[in-house]
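Written below as C-alpha cells is the structure these notes are about.
Residue numbers (my numbering), protein chains in the order written: chain A, 23 to 135; chain B, 14 to 127.
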C-alpha cells in the first residue's frame with residue numbers, strides 16, 4: 023500500500039456543485055494531516071490543516087477518519103477558481119526523515135461554467 | 014513581504030555541468046527543505062535542514078548537494094552525477110522540523126537539460 027494515496031481524477035464538475043476527495047494513508051501512527059492546493063506549474067499552497075475533530079474554512083471542510091486511515095476534503099458551491107490539483111499531505115513517522123511530510127500525487131479538479 | 018524566494022525561475026544545464034539553485038527565506042524559519050516534482054508525480058524530498066550548519070539526506074539525495082551556512086539560505090547544487098535532472102524544484106521552510114508544522118513553498122525553479 024502506498025504511503026499516501028489519492029484518486030488522480032480529473033473530477034470535472036459544474037460551477038456550484040459540491041465535490042469531495044478522499045485520501046488514504048498507510049501508517050496508523052501518522053499524526054499530522056494537511057491539504058495543499060497546487061495550480062498548474064505553480065508551487066503548492068497550504069489550504070488547511072486537518073484536525074481530529076474535523077474543521078471547516080468557508081466552503082471547505084476537512085475530515086479525518088483514523089479508524090479507516092483516510093482524510094477527506096469537501097468543497098461546497100464550487101467556483102471556477104477552485105480548479106487546481108489538491109494534494110493530501112501526511113507526516114512521516116518512519117526512518118531518518120521523521121517529522122517530514124509525505125505528499126500525495128494529487129487529485130485534479132476542474133470546475134466548468 | 015515575508016516569504017521564500019527561489020531563483021532562477023528557469024535554468025538550463027549542459028551535460029557535465031553543476032548548477033546551483035538559490036533559496037532564501039525571511040520568515041525566520043529554522044527548517045528548510047528541497048523537493049523535486051516530476052510531471053504527474055508527488056513531491057519527493059531531496060535534502061532538509063533543521064538548523065544552520067546541519068542538513069540531512071532525504072529520499073532522493075544522490076546527485077545533489079546542499080549547504081546551510083546561514084539561516085536564511087539553503088542553496089541546492091545539482092551535480093553532473095544527477096543523470097535525470099529535468100524537473101520542477103521546490104524549496105520550502107517551516108518554523109521547526111516538527112511533524113505538525115505545515116511547510117511553505119517558494120515558487121520553484123524549472124530545470125531542463127540543454
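We treat Cβ as the ideally placed atom computed from N, Cα and C, and that holds for glycine.
Item to check | Those runs of the beta strand (DSSP E) which lie wholly inside the segment 62-113 of chain B and span at least 3 residues | outcome: 67-70, 77-79, 89-91 and 100-107
Item to check | residue 40 (chain B), DSSP secondary structure in three states | outcome: Your numbering for residue 40 (chain B) matches position 27 in the second chain. Correct three-state label for residue 40 (chain B): coil.
Checklist entry - Any idea which residues DSSP pairs residue 78 (chain A) with across the strands? => result Taking the first chain and counting its residues from 1, the one referred to as residue 78 (chain A) is at position 56. In DSSP, residue 78 (chain A) forms a bridge with A:83.
Checklist entry - Using 8 Å as the Cβ pair cut-off and three pairs as the minimum, do the segment 84-94 of chain A and the segment 25-32 of chain B touch? => result no
Checklist entry - Does the beta carbon of residue 21 (chain A) come closer than 9 Å to any beta carbon on chain B? => result Nothing can be reported for residue 21 (chain A): it is not among the residues displayed for chain A, which extend from 23 to 135.
Next on the checklist: Just to check my reading of the structure: residue 77 (chain B) and residue 60 (chain B) have Cβ atoms closer than 8 Å, yes? What is that Cβ distance to the nearest angstrom?
Outcome noted: Against the second chain, residue 77 (chain B) aligns to sequence position 64. Against the second chain, residue 60 (chain B) aligns to sequence position 47. That belief holds up - the Cβ atoms of residue 77 (chain B) and residue 60 (chain B) are roughly 6 Å apart, short of 8 Å.
Item to check | residue 44 (chain A) versus residue 78 (chain A): straight-line alpha-carbon distance, rounded | outcome: As a first step, residue 44 (chain A) must be located in the first chain, where it is residue number 22. As a first step, residue 78 (chain A) must be located in the first chain, where it is residue number 56. Approximately 16 Å between the Cα atoms of the pair.
Item to check | Beta-ladder partner(s) of residue 50 (chain B), from DSSP | outcome: The residue labelled residue 50 (chain B) in the question sits at position 37 within the second chain. According to DSSP, residue 50 (chain B) bridges with B:56 and B:101.
Item to check | Short CB-CB distance (under 9 Å) between residue 32 (chain A) and chain B | outcome: As a position in the first chain, residue 32 (chain A) is number 10, starting the count at 1. Taking Cβ atoms only, chain B never reaches closer than 9 Å to residue 32 (chain A), which makes this a no.
Checklist entry - Opposite residue 113 (chain A) in the DSSP bridges: which residues? => result Counting from one through the first chain, the residue named residue 113 (chain A) turns up at place 91. According to DSSP, residue 113 (chain A) bridges with A:123.
Item to check | residue 62 (chain A) classed as buried or exposed, judged by whether at least 16 other C-beta atoms fall within 10 angstroms | outcome: Working through the first chain from its first residue, we reach residue 62 (chain A) at position 40. With fewer than 16 Cβ atoms within 10 Å of its Cβ, residue 62 (chain A) is classed as exposed.
Checklist entry - Going by other Cβ atoms of all chains shown within 10 Å of its Cβ, with 16 needed for buried, is residue 131 (chain A) buried or exposed? => result Here residue 131 (chain A) refers to the residue found at position 109 of the first chain. Classification of residue 131 (chain A): buried, given that the 10 Å Cβ count is 16 or more.
Checklist entry - Going by Cα to Cα distance, which pick from A:103, A:106 and A:93 is closest to residue 54 (chain A)? => result Position 32 of the first chain, counted from the start, is the residue given in the question as residue 54 (chain A). Distance from the Cα of residue 54 (chain A) is smallest, within the candidate group A:103, A:106 and A:93, for A:93.
Checklist entry - For residue 101 (chain A) and chain B, any beta-carbon pair shorter than 9 Å? => result The residue labelled residue 101 (chain A) in the question sits at position 79 within the first chain. No, residue 101 (chain A) does not count as interfacial toward chain B.
Checklist entry - Helix, strand or coil for residue 50 (chain A) per DSSP? => result Within the first chain, residue 50 (chain A) is the residue found at index 28, counting from 1. Residue 50 (chain A) falls in the coil class under three-state DSSP.
Next on the checklist: Considering only DSSP beta bridges, list what residue 130 (chain A) is partnered with.
Outcome noted: Residue 130 (chain A) sits at position 108 when you count from the first residue of the first chain. Its beta-bridge partners are A:107.
Next on the checklist: Please report the distance separating the alpha-carbon of residue 57 (chain A) from that of residue 84 (chain A).
Outcome noted: Within the first chain, residue 57 (chain A) is the residue found at index 35, counting from 1. Within the first chain, residue 84 (chain A) is the residue found at index 62, counting from 1. Each residue's Cα considered, the two are about 8 Å apart.
Checklist entry - For residue 98 (chain B), which residues from the same chain have a beta carbon less than 7 Å from its beta carbon, with the 5 sequence-adjacent residues on both sides left out? => result Translated into positions along the second chain, residue 98 (chain B) becomes position 85. So the qualifying residues of the chain are 26, 91, 124 and 126.
Checklist entry - Hey, how far is the Cα of residue 68 (chain A) from the Cα of residue 109 (chain A)? => result Counting from 1 along the first chain, the entry for residue 68 (chain A) is found at position 46. Counting from 1 along the first chain, the entry for residue 109 (chain A) is found at position 87. Spanning the two alpha carbons is a distance of roughly 9 Å.
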